[in-house]
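Written out below as structure tokens is the structure these notes cover.
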Amino acid sequence: MLKAYLTHLFARFSRIRSTMTDTCIFCKIVSNEAKATIVYRDEQATAFRDIHPAAPTHILIVPNKHVESVNALQAEDEQLIGHLFTTAARLAREEGIDGDGYRLITNTGIDGGQTVFHLHLHLIGGQRMRYPMG
Ligand code: 5GP
Ligand code: ZN
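Sequential numbering of the sequence shown, starting at 1, is according to my numbering.
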């Protein structure tokens, strides 16, 4: 009985680990398995330059833990999400774009244009943004 439960737990854990480390490019960047130009890192978040920048400043801010999208957020993640925003504000200051302004985007799901399924904030600035957004 205990053995079956432990086997079940192990299988579950392996599946979660496999989603995180084997296939998720942002998990690999967080763990240094994949290269990126890291501009900030702490115990909760990592920020790195987008490989295909849409503007002079284009930084991705990601939680170090794997969260698929906004849809997967739990109440206990509220502090983490606040931290992603204060990290964005800090990086905007460091990039010198806080005065003129910038855009923060979190695409969610297919219709939202999400292509990497590890939650991230795009910090985009250094030029006047265009409208409409949709
Ligand atoms: P999404 O489309 O999910 O909102 O944004 C994903 C972003 O990740 C895109 O802007 C894309 O250019 C960027 N991206 C995808 N793969 C990599 C990568 O391996 N390294 C870096 N630095 N950015 C990536
Ligand atoms: Zn991930």
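We treat Cβ as the ideally placed atom computed from N, Cα and C, and that holds for glycine.
So does residue i have its beta carbon nearer than 8 Å to some heavy atom of the ligand 5GP?
i: Q127; result: no
i: N107; result: yes
i: I51; result: yes
i: A34; result: yes
With a threshold of 16 other CB atoms inside 10 Å of the CB of residue i, please say whether the residue is buried or exposed.
i: T87; result: buried
i: I124; result: buried
i: T23; result: exposed
i: A47; result: buried
Can you name, in chain order, every residue of its own chain whose Cβ lies under 8 Å from the Cβ of residue i, other than the five neighbours on each side?
i: R49; result: A36, T37, V39, H58, I59 and L60
The ligand ZN and residue i: does any heavy atom of the ligand fall closer than 8 Å to the residue's C-beta?
i: V30; result: yes
i: H66; result: yes
i: F48; result: no
i: E118; result: Contrary to the premise, residue 118 reads as His rather than Glu in this sequence. Yes, the Cβ of H118 comes within 8 Å of a heavy atom of the ligand ZN.
By Cβ distance, which residues of its chain are closer than 6 Å to residue i, with the 5 residues on each side in sequence left out?
i: V67; result: L119
Might you give, ordered along the chain, the residues of its own chain that have their beta carbon closer than 7 Å to the beta carbon of residue i, omitting 5 neighbours on each side?
i: V116; result: I25 and F26
Do you know offhand how far residue i's Cα is from residue j's?
i: A92; j: L121; result: 12 Å
i: D100; j: R90; result: 15 Å
i: I110; j: V70; result: 13 Å
i: G113; j: N107; result: 6 Å
i: I97; j: E76; result: 31 Å
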